[in-house]
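What follows is a set of notes on a single structure, which appears directly below.
In full-length UniProt numbering, the protein residues as written are 1 to 241.
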């Protein structure tokens with residue numbers, strides 16, 4: 001992975017040179033840069049509905065294909081064998097969507113196996129969200145995933161955008177279960193459904209009665225046939241030689 005940060009000995013800007021000469025210049029330049037960054041982030045967040053885009057990740061610019069995708073923490077590469085190929089591809093796509101390594105802010109001295117586990121769980125949760133609600137995942141699963149992602153965020157994992165998707169899903173599920181403000185046309189359809197259900201119950205009751213009647217008829221027919229066979233046997237037995 002390429003590192004775009006300036007190497008020692010490279011030329012710096014005029015402002016950097018001035019800052020070395022005068023500490024007050026350093027303070028002014030630093031404060032100005034902080035103000036500019038804050039304004040840029042504020043404007044960006046406002047333009048994206050209050051959610052800022054990910055920080056630039058120069059290291060990810062070097063990733064052009066899946067083959068060149070490597071997960072590294074402080075120059076230590078995480079073994080791909082610790083992550084299933086399917087989940088590795090999912091994680092690669094997530095990073096591609098964010099144009100950044102989601103694990104870039106994990107502690108530098110984190111155990112690589114633990115880091116791989118975080119990556120695997122992140123990819124698994126993303127797949128679970130993608131397959132919801134056609135999968136067997138429940139509302140409780142979504143809530144558990146959210147707690148997991150919150151703990152990953154505390155570690156430094158860039159998964160806020162996935163957690164926000166879970167928040168939206170949970171909000172919709174909560175709104176669906178609430179009858180305080182049903183959507184337009186809901187009550188009419190609900191009433192029509194109740195009428196249809198009543199008709200179904202009536203038909204089922206009628207079908208049950210018909211089935212009972214058919215069963216009685218079959219028993220009566222069997223009795224008649226049995227009597228006829230018995231009469232025929234008696235006649236045959238009493239017939240002259």
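For every residue, glycine included, the Cβ atom is placed at its ideal position computed from N, Cα and C.
Per DSSP, the bridge partner or partners of residue i
| i | result |
| --- | --- |
| residue 63 | Beta-bridge pairing links residue 63 to no other residue. |
| residue 194 | BP columns for residue 194 are empty, so no partner. |
| residue 275 | Only positions 1 to 241 of the chain appear in the structure, and residue 275 is not among them; the question remains open. |
CA-to-CA distance, residue j to residue i, given in whole angstroms
| i | j | result |
| --- | --- | --- |
| residue 85 | residue 172 | 32 angstroms |
| residue 187 | residue 89 | 45 angstroms |
| residue 69 | residue 57 | 14 angstroms |
| residue 87 | residue 94 | 10 angstroms |
| residue 202 | residue 183 | 30 angstroms |
| residue 216 | residue 208 | 12 angstroms |
| residue 155 | residue 106 | 6 angstroms |
| residue 158 | residue 123 | 12 angstroms |
| residue 120 | residue 91 | 8 angstroms |
| residue 219 | residue 198 | 32 angstroms |
| residue 185 | residue 174 | 19 angstroms |
| residue 108 | residue 62 | 20 angstroms |
| residue 152 | residue 145 | 11 angstroms |
| residue 64 | residue 135 | 32 angstroms |
| residue 223 | residue 241 | 30 angstroms |
| residue 227 | residue 238 | 17 angstroms |
| residue 72 | residue 147 | 25 angstroms |
| residue 232 | residue 221 | 17 angstroms |
| residue 205 | residue 229 | 36 angstroms |
| residue 248 | residue 196 | Residue coverage of the chain in this structure runs from 1 to 241, which leaves residue 248 outside it and unanswerable. |
| residue 143 | residue 74 | 32 angstroms |
| residue 210 | residue 225 | 22 angstroms |
| residue 212 | residue 194 | 27 angstroms |
Nearest candidate by alpha-carbon position, reference residue i, set the options
| i | options | result |
| --- | --- | --- |
| residue 160 | 126, 184, 193 | 126 |
| residue 149 | 139, 164, 140, 135 | 164 |
| residue 112 | 83, 221, 231 | 83 |
| residue 78 | 103, 64, 190 | 103 |
| residue 66 | 73, 80, 240 | 80 |
| residue 76 | 62, 116, 234, 152 | 116 |
| residue 162 | 194, 135, 129, 134 | 129 |
| residue 169 | 239, 133, 223 | 133 |
| residue 166 | 131, 196, 191, 189 | 131 |
key: Every unbroken alpha helix (DSSP H) inside the stretch 98–131 [4 residues or more]   = 112–130
task = For the stretch 139–148 and the stretch 90–110, state whether three or more C-beta atom pairs, one from each stretch, are separated by less than 8 angstroms.
result = no
request  = Starting from the N-terminal side, write out each stretch of the alpha helix (DSSP H) that is 4 residues or longer and does not extend beyond the stretch 131–164.
outcome  = 139–155
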